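Remarks on the structure that follows.
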Amino acid sequence: MDAVAEMNIPRLQQLVSVGLRRGSSPTVIVRMMQSALEGVYRPRPVLDSRTLDIALMVYRLGGRKLLYAVNHGLGLPSLRTLRNHMSFTKIMPTVGTISIEDIIHNICEVVLKPRDAAFVRQPLRGVSLLIDEVALEERTCHFRHNNSVGGLCWRHSPKVDLQLKTYADALKIAEKIKLEEVHLGKEMTVVSVSCFGESGTYPILALPTCKHVGPEESSTIYETVTSTWLEYAAAHVGMIWSWATDGESSRRKAGYEQFTREKLPRTSPIYGTVASMAGLNIFTGIHSITLDFDYKHIFKRTSMYSASFCSRMALCNGRIINPAVLTRFLARLPEQTDDSVRKLLFPDDPQDVPRAVELMEAIIEFLACDFGPVDADTSADLDSIRLLAVMLKSILAPFITPDMSLTEQMTHLSTYAHIAFTLFRMNRLTFMSNQLYGDSQSMIKNAFFWPGQEQKLDPTQRFFLFQIGDDPLEKLFGKLRMLGGHNSAMSYAQAIERLGHACDLQSVYLRQPDLDQGQRRISMKRSEGVDHLNMVSWTGHNIAGDCHTISAWDDGSKIAQQIFAKLHFPPDSYNYPVLFSDLEIDMLRPFGDGKYPGVESDTDRSMIVPNSRSTTSAVPTSAESTPSTLSTDTISSTPSGATTYPPSTTATPSLPSMAPSVTSTRSVEMTTAPDDDDDIENQGKWVHKQRICRVVINADFEPKSTERLKRVRGHTKVNAKKRDDVNPEAILGANTFIVGDPFFTLLRTEQTLSLAIVRSTAIHEDGISRGSILAPTIRNPNAKVKLSGQVLSMTLIPTLDDNLPESESAFGRARPQSHEEVRSPEWISEERSPWSWIWNGRFLKVDSAIAGTNQTTKKVVIVSVPGVLTELVNHRPVDAVPRLGEHAYEINSEGRSWELDDGPMGAVCELLWDVVVEQNIPLTSLASVKKNEAFPYAFDNGNPALVCQQGTQLLIQQHDDKVQRVCHLCGDRPGNWRAHISTHILRFIRGVNEALRLPVGPSLPCGFCARSNLQECEVHLSKKGKATHITTNCHMVSTFHYKPAEQGSKTTPCRNVPVVCGLCFPDPPRPGAVQRAQWRYNMAEHVSIAHSEYSSPLSPGGTRLPHEVWESMKLDPTEETALGIPTASIPRVFEDVAGPDEGVDRADVVGKKRAAKKSAPGTSQRRRTGA
1 MDAVAEMNIP RLQQLVSVGL RRGSSPTVIV RMMQSALEGV YRPRPVLDSR TLDIALMVYR
61 LGGRKLLYAV NHGLGLPSLR TLRNHMSFTK IMPTVGTISI EDIIHNICEV VLKPRDAAFV
121 RQPLRGVSLL IDEVALEERT CHFRHNNSVG GLCWRHSPKV DLQLKTYADA LKIAEKIKLE
181 EVHLGKEMTV VSVSCFGESG TYPILALPTC KHVGPEESST IYETVTSTWL EYAAAHVGMI
241 WSWATDGESS RRKAGYEQFT REKLPRTSPI YGTVASMAGL NIFTGIHSIT LDFDYKHIFK
301 RTSMYSASFC SRMALCNGRI INPAVLTRFL ARLPEQTDDS VRKLLFPDDP QDVPRAVELM
361 EAIIEFLACD FGPVDADTSA DLDSIRLLAV MLKSILAPFI TPDMSLTEQM THLSTYAHIA
421 FTLFRMNRLT FMSNQLYGDS QSMIKNAFFW PGQEQKLDPT QRFFLFQIGD DPLEKLFGKL
481 RMLGGHNSAM SYAQAIERLG HACDLQSVYL RQPDLDQGQR RISMKRSEGV DHLNMVSWTG
541 HNIAGDCHTI SAWDDGSKIA QQIFAKLHFP PDSYNYPVLF SDLEIDMLRP FGDGKYPGVE
601 SDTDRSMIVP NSRSTTSAVP TSAESTPSTL STDTISSTPS GATTYPPSTT ATPSLPSMAP
661 SVTSTRSVEM TTAPDDDDDI ENQGKWVHKQ RICRVVINAD FEPKSTERLK RVRGHTKVNA
721 KKRDDVNPEA ILGANTFIVG DPFFTLLRTE QTLSLAIVRS TAIHEDGISR GSILAPTIRN
781 PNAKVKLSGQ VLSMTLIPTL DDNLPESESA FGRARPQSHE EVRSPEWISE ERSPWSWIWN
841 GRFLKVDSAI AGTNQTTKKV VIVSVPGVLT ELVNHRPVDA VPRLGEHAYE INSEGRSWEL
901 DDGPMGAVCE LLWDVVVEQN IPLTSLASVK KNEAFPYAFD NGNPALVCQQ GTQLLIQQHD
961 DKVQRVCHLC GDRPGNWRAH ISTHILRFIR GVNEALRLPV GPSLPCGFCA RSNLQECEVH
1021 LSKKGKATHI TTNCHMVSTF HYKPAEQGSK TTPCRNVPVV CGLCFPDPPR PGAVQRAQWR
1081 YNMAEHVSIA HSEYSSPLSP GGTRLPHEVW ESMKLDPTEE TALGIPTASI PRVFEDVAGP
1141 DEGVDRADVV GKKRAAKKSA PGTSQRRRTG A
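Per UniProt numbering, the very first residue in the sequence shown carries number 1; after that it's consecutive.
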């Protein structure tokens, strides 16, 4: 006992255990202790599973040296013991194009062999195939198992022979890389297998890829891996239920093509379940395989989208919530400070999952917060934020609440799907990007498919929702990067080897979860240790057979309807039974056009757009960059070790003969004589092939940064643009304008300049984004302030008279109709206006075309105006619902709004016009919006009510192409003035009656004004080079491009342009000469008047009309039909025309013989119409 107390006897427990097992006496055991102290005797450790796992973990993390040290110092098993008692994972690399044999080998070694070695036979599982990439160093390597060069992109490597037999082979590969016919792999695409109900994931394909691959290559991977698994592994492990990805664009597009190609057949076991859920998309791929997206990536992207200054999220009735608004309200939460709000909204690492979850949870806190009495704008903001909070809670809570049942999880996801569906249909890209919407709805679709699949496979099994997505593969990549001394920069050969090591580590941590520190960036909580979102910690009732998915889907729909009804959304926007009665509309196809928004090619604003510049240098293009010879000083003859990949020595009976054959493993110990498999002779010396790859093929290699954010591509931080500090206290100061406050400005609608009230959504001062700004600074021209915001919709109502009893006030009587006569002549200067403008809760929206379709959707209008052209709004709060009646359906949940007197608004309009004049602001530079029923603000009869008369008159007087004039003949606002006036002229010539304000001129009407006999309307033509110039003094002249107008088009068929009469000017003009011209539609009348001796459509019977003159005046029947001329009014084809080669001979008509005009060769057929 004294010896034990006073001396540190190595491995005392093992020593005593060995002695007792041998039946040794106490004396012998004491001698064994003495020998242990002297280092003579070392008892072997007990080989239990935990000891072996710890030894394997030490070996994989620290290598041979560390395992040797802990073996001698702590008594852990040695490397030889590990090899005798455990199997190591080896992944077969893909050299060249994708190989079925490599996939089969990996299925056998990584998936089937461990399952066959287990003592308990595993039941069939649902399988999810995961696909993702990990960064690689762009350099090649040599694989001796097939004597080939690896590390080249699998898509382009077939263009070169990868067998490395001679030195010339290496030069050919280097040349192909230099010519960019073959690319080095920038990333390693990994496909792994995850089984529902089991932890971990198993890689079955790892191939290098470049950035020049697209959807076709992704489809090849999908099809090849799917068919191989179904043929060789499905019967042993289980059928594929889904393919999961993180949302990479090419994989997303290929995934939609592969896994939404056909409707789920009625014979499917789950058809009755999923088809009963109205609005759920039931299109799948072969064998009912669906496309899945990782929920953690959706959380990150949703968080980034909510907190990015580049994004705007339109929520309640189009009200936009952005980081400036969130900053103001987050700072009012009990547990938030200025610093915490700053970290939530402006993170250094936008890929940080815990930070994204923290932001989502902070927004969710608004559901439980009571802010007391608030004004109308604050109430509207809170309504939108709380709607956002409900949506975020619906998608987040199912994954972070361990006591939630599976049915409750499904109800939450259904609520999110219906809320997002309605908001996306109403606001589209102002609510969420196409890709984020499609990814989140696809994830929810799969979440409802899989419980149904599990119910048919084994209803007694537990179903864990957090197993969807590709998170297991992300965790495996985390272990992969942790190997090699945390050096994430690795070649393809190193990545393949480390991938096998990562699988070994994964197995250790699954068996010994208390040893796993976890991964901070992709865990749901910012804590180290065991991730409590695991199968053991989940306490909620999640038996697949007890989940009522149909009722959960319907309950989520009802919850969404209740929310929208409370927030006064238009009822038809959430009438889901009616919406989904159209079978072309579902959650993934919200517009009923058969298109999936998730595959749109527009920029995904929910993701950080990386800088396209790589941290590696380009491969030089000079011929000298590829060496033709190797010097012995450059390449040593000492070979370096190469990784070998021996196929399995244990055959799997279920696999066919095409599986890799058994070969012997070559010893890595080098003999004195070089091996032809490992070395190449060059200049009489043997050089190892690995060194050949390094010096010849990788001659221009430059290592990448080992920092994660700079590793593959340049990194752009979220909200990297300049911004002021987040200081909520700044918004409380007096005379401060904050984001969300309204302001007055002037906006253009066609030829009208009107007053508008705008709710600010962004403030920029000299290019720097601000959350607030001092009011005097806004109007300072030197401050260069710009305000952006949404145009408010206003309604004109009688002013509330506080001196009258309620029965006689505006509350007690119906709202009268408003029109121009309700105003007195001095309405602007009245002390108390009898009429007021009240905000009806709506924002200006215009029709926006949906790309690739003939449909439109409503889009929230955002305008940006200079601060100098604004006035702040001083409104008074009112109870809006009693005053607006049926027009109050979009007022906030508190029923509060505000109003402004009519007279002061007219005065503000004049004040802003004075600013335009003083600052010399061009009218064409003012923001312009499309006219609709909500703007310009109008009386009930539709006439504009707050028009800037001086500005509108000036706009009308300007005759530029950007302003459309009112046609004086019919009152329309044509887009093409010349073509519109010419249409009236042709209809008049053909006798088509029109109800016109003014008649068309009776003879030779002007093509610009349609009047006759005005000297200022004479038109002349001149040519300078190929350009044709028109000169006229008509006051309604409109510029146009002569040649396109003379030729006509489908959109503008009118060809009425000035042409030179070949009878008036028979000789070619001198360059630059000015000639009198006639409008094409007037040429028939001109010939009949000025050249009556010639036959014409109006006076046939004379001398045949010269061919070139007829060509200058001929009208095609299709042109007349397109301009609205009835067939009966189109004249017969005029045939009294001379041949094209007869020229213009006037001898018979003027009595003077003139030689026929001769033209230069090749020009006799040219039309002289001025084109």
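Here a beta-carbon is modelled for each residue, glycine too, at the ideal position from N, C-alpha and C. Every value quoted in this text rests on a predicted model; they were computed, and no experiment measured them.
Buried versus exposed call for residue i [16 or more other C-beta atoms within 10 Å across all chains shown]
{"i": "GLY23", "result": "exposed"}
{"i": "MET313", "result": "buried"}
{"i": "GLU899", "result": "buried"}
{"i": "ASP471", "result": "buried"}
{"i": "LEU162", "result": "buried"}
{"i": "LEU20", "result": "exposed"}
{"i": "ALA1128", "result": "exposed"}
{"i": "ASN854", "result": "exposed"}
{"i": "ASN84", "result": "exposed"}
{"i": "PHE88", "result": "exposed"}
{"i": "LEU15", "result": "buried"}
{"i": "HIS1029", "result": "exposed"}
{"i": "SER829", "result": "exposed"}
{"i": "GLN919", "result": "exposed"}
{"i": "ASN993", "result": "exposed"}
Residue range of the unbroken beta strand (DSSP E) whose run includes residue i
{"i": "residue 1194", "result": "The question about residue 1194 has no answer, for the chain in this structure spans 1 to 1171."}
{"i": "ILE240", "result": "240–245"}
{"i": "ALA254", "result": "Run containing ALA254: none in the beta strand (DSSP E); it sits in the alpha helix (DSSP H), 249–259."}
{"i": "PRO208", "result": "202–209"}
{"i": "MET188", "result": "187–195"}
{"i": "THR749", "result": "742–749"}
Limits of the unbroken alpha helix (DSSP H) element including residue i
{"i": "SER507", "result": "492–511"}
{"i": "ASN840", "result": "From DSSP, ASN840 is part of no alpha helix (DSSP H) but of the beta strand (DSSP E) over 835–843."}
{"i": "VAL110", "result": "Here VAL110 belongs to no alpha helix (DSSP H), and DSSP marks it neither H nor E."}
{"i": "SER1074", "result": "It should be pointed out that residue 1074 corresponds to Val in this sequence rather than to Ser. Taken as a continuous stretch (DSSP letters only), VAL1074 belongs to no alpha helix (DSSP H), being part of the beta strand (DSSP E) at 1074–1079."}
In DSSP terms, what residue i is bridged to
{"i": "residue 1180", "result": "Limits of the chain in this structure are 1 at one end and 1171 at the other, which puts residue 1180 out of reach."}
{"i": "GLY150", "result": "CYS141"}
{"i": "LEU774", "result": "THR736"}
{"i": "TRP898", "result": "PRO877"}
{"i": "MET794", "result": "TRP839"}
{"i": "LYS786", "result": "HIS764 and PRO866"}
{"i": "ALA314", "result": "ILE320"}
7 Å Cβ shell around residue i - same chain, five flanking residues per side excluded
{"i": "LEU1098", "result": "ALA1084, GLU1085 and SER1088"}
{"i": "VAL111", "result": "VAL193, TYR202, ILE204, ALA233 and VAL237"}
{"i": "residue 1200", "result": "Residue 1200 is absent from the structure shown; the chain starts at 1 and stops at 1171."}
Close Cβ partners of residue i (< 8 Å) along its chain, the five nearest in sequence each way excluded
{"i": "LEU66", "result": "VAL58 and TYR59"}
{"i": "LEU1014", "result": "CYS1006 and CYS1034"}
{"i": "VAL127", "result": "VAL193, SER194, CYS195, PHE196, TRP229, ALA234, VAL237, GLY238, MET239, ILE240 and TRP241"}
{"i": "LYS931", "result": "THR749, GLU750 and THR752"}
{"i": "PRO1100", "result": "PHE1134 and ASP1136"}
Beta-carbon contacts of residue i that lie in its chain and below 6 Å, excluding the five residues immediately before and after
{"i": "SER17", "result": "none"}
{"i": "SER537", "result": "PRO402"}
{"i": "SER766", "result": "What sits at residue 766 in the sequence shown is Asp, not Ser. Only LYS784 meet the Cβ criterion."}
Closer than 7 Å: residue i CB and nearest the ligand FAD heavy atom
{"i": "PRO999", "result": "For the ligand FAD, the structure offers nothing, since it holds no ligand at all."}
message: If contact is defined by three or more beta carbon pairs under 8 Å, each pair taking one atom from either stretch, is the region 134–141 in contact with the region 226–237?
response: no
Validate contact between the region 491–500 and the region 146–159 using beta carbons, cut 8 Å, 3 pairs: yes
query: Is the region 262–280 touching the region 354–365 in the sense that three or more CB pairs, one from each, lie closer than 8 Å?
result: no
- prompt: Does the region 862–876 come within contact of the region 937–953, defined as at least 3 CB pairs closer than 8 Å?
  reply: no
query: Is the number of C-beta pairs between the region 272–280 and the region 576–587 that are closer than 8 Å three or more?
result: yes
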